[in-house]
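In the order they appear, the protein sequences are chains A and B.
The first sequence begins at 1 in my numbering and counts up by one.
The second sequence begins at 1001 in my numbering and counts up by one.
One structure is given below, encoded as structure tokens.
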Amino acid sequence: MATGKASEIILEVRNLRKYFPITKGFIFQKQVGAVKAVDDVSFFIRTGETLGLVGESGCGKTTTGRVILRLMEPTAGDAVFEGRSIFSLHKEELRLMRRNLQIIFQDPYSSLNPRMTVGDIVGEPLEIHNLARGKDKVRRVQELLEVVGLSPYHANRYPHEFSGGQRQRIGIARALAVNPKLIICDEPVSALDVSIQAQVLNLLEDLQKEFGLTYLFIAHDLSVVKHISDRVAVMYLGKIVEVCPVEEIFANPQHPYTEALLSAVPIPDPGMRRERIILPGDVPSPSNPPKGCRFHTRCLYAVESCRVNEPPMVDVADGHYVACPVQPFKHQRSKAAVLKTPA
Amino acid sequence: MSEWAPSRTASFWSLAFRRFMRHRLAVVGIVALGMLAIMALAAPLLAPHSPTTIDPTTFQGRPSSVHLLGTDSVGRDVLSRLIYAARVSLSVGILAVTMYVLIGTSVGAIAGYYGGTVDLVLSRIMDIMLSFPPLIIILFAVSVFGRPSLWNVIIVLGLLGWPAVARLVRGQVMALRHQEFVQAARAIGASDPAVVMRHLLPNAMAPVLVAATFGTANAILVEAALSFLGMGVQPPTPSWGNMLTDAQSLTVLEQMPWLWVPPGFMILISVLTINFVGDGLRDALDPSLKL
């Protein structure tokens, strides 16, 4: 894992919103509403670190990743990469920018073109960005395949000849081909067997060390995030509710949603008992999110003001941000503050 | 694809070829189709007589040693006309379908890839075109274009057939557009044309190829129908359709089978073999089917 606590910010996302319009009518369509998949999300990532982005299905984590890469156009907000706004780039500038930002997908089956050989898949970015041609390209592709733990002779095979884990390695090799600085990992291991998950996670960590990569690691599995992240951002219904260093979130969760999420992580010890927090009700529809705090409909600590006022993000302890003014864990929080105080 | 040598596994096309060869009916179809094509190309060498020369000694003559399949009502050799007619049918089938597959693929890819208003407009045009009764339009168009001819038939069929292909391609492209490999191609900076040509169309073409083979068979049938009605290929140029025109007479139908059975049989054979080939192609082009 990266050590660069003091290093500079490589990507900053500010007030990002992505609404999907709901339309009605056949020929003359009119907008009758919007699914607020991502609603006012802000965070930053430092060079060389891994930011884990967690939340349940449908909370907008994947959309956040896709919008940052402009695979979808944002509704509002900004994403600044090394001082340049990604969202204001023109077509050609964006194409060049794509050398810096890459993505690894969740599904190792649909993320590789079945009609192309592995060599053509990994070699395509090299061709597009004119990085290598002819013999150079072949050599570079073979090198990339070795870097991700495959054999150079795999280049002339087709994706269907590989297992899920191997296919994910091919996807990683494709992302690495352009020497990116930041890789958005969109649940890269959640479709894999547990034993293979560990291999791929270790590979990602090794690559990070070797090439000085920065990761935005999207996941719904907190134990995976614990393993790889430096900091964690928790998302609920299109908003980030808590951001903090990874040790903090496990030792000292501040948001009631984070607390509930953590209580669902299995403990690898059959003798251990822990109180499971079962949240009442379902996730509300993102097309009509609750007023005030979005979590208040399911929160165990909600008070009257939660229904009215949207809670702002507050720094409660040295880089531990949380959007919950009720402070149900006030006592713990003061403990955290004590622990954090340098001796 | 051979650039990734040393080659251990075969390329996509050689695998497809192997899968195709395992499809027995398709192999029979392609052999028969090849023979038809050779017949059409080598017609002057194969035909015993000129297809248009009139033998004044026999009208509607029975098959004999001089005229193996007899002569028609004006004394032309049926076998020679049958061989030459293969040129008409195959060129109508191939040219008309090539034309509408090209138009349909382009329109469908644009509609499916860009979506939104572009898709809306193009889809409505397709709907309108598909709601025309095709044979009536063809009859109308052929008569408006002036005197009926082979080229008119090809152009009209080519211009009318594309919406079906466009719909097919549009649906495929829309389904594929959200696949992660297409997103990946965009993320590495591939341009829109590159995404469409490299990632979308190759994966969308299998059903189009199948539709094209069925379309070829259909074009041959439509040409035969038009020529039978006198609106297609005009005599003395032979076509299997206009050869059947003679069978409009009950006497011919009842007593002179050599005038209508052979062209009917040729239509049947060509349509059937083309459909077999289409079936074989569909299986062969699916890379997930292993040998």
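Where a beta carbon is used, it is the ideal one built from N, C-alpha and C, also for glycine.
Own chain residues within Cβ distance below 7 Å of L126/A, not counting five before or after: Excluding sequence neighbours, L126/A sits near A132, K137, R140, A177.
Chain-ordered chain B contacts of L71/A [CB-CB under 9 Å]: Q1183, R1186, A1187
Taking only beta-carbon atoms, is D136/A less than 8 Å away from chain B? no
Helix, strand or coil for D1119/B per DSSP? helix
Residues of its chain near Q166/A, where Cβ-Cβ distance is below 6 Å and the 5 sequence neighbours each way are ignored: Taken in chain order, the list of residues that qualify is empty.
Neighbour list for L112/A in chain B, Cβ cutoff strictly below 9 Å: E1180, F1181, A1184
With DSSP collapsed to three states, give me the class of V189/A. coil
So N1275/B contacts chain A; which residues on that side make the cut at Cβ distance below 9 Å? Within chain A, no residue comes near N1275/B; the closest Cβ sits about 25 Å away, beyond 9 Å.
Mind checking who S85/A pairs with in its DSSP beta bridge? V80/A
Do you know offhand how far A1184/B's Cα is from P325/A's? 41 Å
Would you check if there are 3 or more beta carbon pairs closer than 8 Å linking the stretch 1248-1256 of chain B to the stretch 1189-1207 of chain B? no
Would you please verify whether the beta carbon of N1203/B is less than 8 Å from any beta carbon of chain A? For N1203/B, the closest Cβ of chain A is nearer than 8 Å.
Indicate the three-state DSSP secondary structure (helix, strand or coil) for R1018/B in the structure shown. helix
Assign I1136/B to buried or exposed, taking buried as 16 or more other Cβ atoms, counted over all protein chains shown, within 10 Å of its Cβ. Around the beta carbon of I1136/B, a 10 Å sphere encloses fewer than 16 other beta carbons of the protein chains shown; the residue is thus reported as exposed.
Can you check whether the C-beta of P125/A is within less than 8 Å of a C-beta belonging to chain B? P125/A counts as touching chain B.
Spatially closest choice to Y153/A from H160/A, T117/A, G171/A, by CA coordinates: T117/A
Under a CB-based cut-off of 8 Å, is F105/A close to chain B? yes
For N1203/B, verify whether its CB is less than 7 Å away from any heavy atom of the ligand HEM. In the structure on display, the ligand HEM does not appear, and there are no ligands present to speak of.
Would you report the Cα separation of G1116/B and I1269/B, rounded to the nearest angstrom? 44 Å
Going along chain A in order, which residues have a C-beta closer than 8 Å to the C-beta of A1190/B? E124, I128
Output the boundary residues of the alpha helix (DSSP H) element that contains I1136/B. 1134-1144
Pick from K239/A, N179/A, L71/A that is closest to E143/A, judged by C-alpha positions: N179/A
Any beta-carbon of chain B closer than 8 Å to the one on V80/A? Not closer than 8 Å to any Cβ of chain B, the Cβ of V80/A fails to qualify, so no.
Using the beta-carbon of each residue, which ones in chain A are nearer than 7 Å to P1199/B? According to the sequence displayed, residue 1199/B carries His and not Pro. Near H1199/B (Cβ distances below 7 Å), the residues of chain A are N113.
With DSSP collapsed to three states, give me the class of N344/A. Any question about residue 344/A goes unanswered here, given that chain A covers just 1 to 343.
State the DSSP-derived secondary structure class of F1264/B, mapped to helix, strand or coil. For the record, residue 1264/B in the displayed sequence is Gly; it is not Phe. Correct three-state label for G1264/B: helix.
Where the beta strand (DSSP E) through N15/A begins and ends: 9-24
Is the shortest distance between the beta-carbon of V322/A and the beta-carbons of chain E less than 8 Å? Among the protein chains in the structure shown, which are A and B, there is no chain E.
Which residue or residues does DSSP assign as beta-bridge partners of Q102/A? I183/A
Can you pull the chain B residues whose beta carbon is under 7 Å from the beta carbon of R98/A, in chain order? Simply A1187, I1188, G1189.
Specify whether the stretch 1091-1100 of chain B and the stretch 1154-1162 of chain B touch according to this definition: at least 3 beta carbon pairs, one from each stretch, less than 8 Å apart. yes
Between I1054/B and the rest of its own chain, which residues show a CB-CB distance below 8 Å, the 5 nearest in sequence each way excluded? V1074, G1075, R1076
In chain order, what residues of the same chain have a beta carbon less than 7 Å from the beta carbon of P280/A, not counting five sequence neighbours either side? R298
Against chain B, which members of the stretch 167-183 of chain A pass a CB distance test of less than 9 Å? For the stretch 167-183 of chain A, the residues whose beta carbon sits under 9 Å from a beta carbon of chain B are, in order, G171, R174, A175, A177, V178.
Can you tell me where the alpha helix (DSSP H) with A1212/B in it begins and where it stops? 1201-1228
By how many angstroms is the C-alpha of V265/A removed from the C-alpha of E82/A? 35 Å
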